[in-house]
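Residue numbers (our numbering): 282 to 379.
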């Protein structure tokens with residue numbers, strides 16, 4: 282049975298900022314569509330296999346395929362929920378790393 286993906290408000294803000302950034306640097310709709318598709322593919326992968334790379338005892342991260350981002354999440358096994366916590370731009374200062 283698939284897990285449910287829940288996006289935390291801070292993570293949604295991160296996602297919105299990523300779209301805003303790419304919209305500010307390109308008029309190419311394909312770039313925006315590709316970012317959307319990458320995020321959707323990550324959600325779908327987490328629904329089926331949420332037990333991905335461990336970054337700490339509690340948090341895990343999934344890199345997007347074509348963009349420099351890590352999707353941080355935690356798995357709530359009893360509720361069968363994957364909680365998206367942050368979208369981190371890997372091009373940022375490593376001190377900001379979650």
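All C-beta atoms in this analysis are idealised placements derived from N, C-alpha and C, irrespective of residue type, glycine included.
* By how many angstroms is the C-alpha of residue 287 removed from the C-alpha of residue 356? -> 10 Å
* Taking the alpha carbon of residue 282 as the point to measure from, which residue in 291, 302, 327, 289 has its own alpha carbon closest? -> 327
* To do: Quickly, what does DSSP pair residue 395 with across the bridge? List them, please.
  => Lying before the first or after the last residue shown, residue 395 is absent from the chain, which here runs from 282 to 379.
* For residue 285, the three-state DSSP class (helix, strand or coil) -> strand
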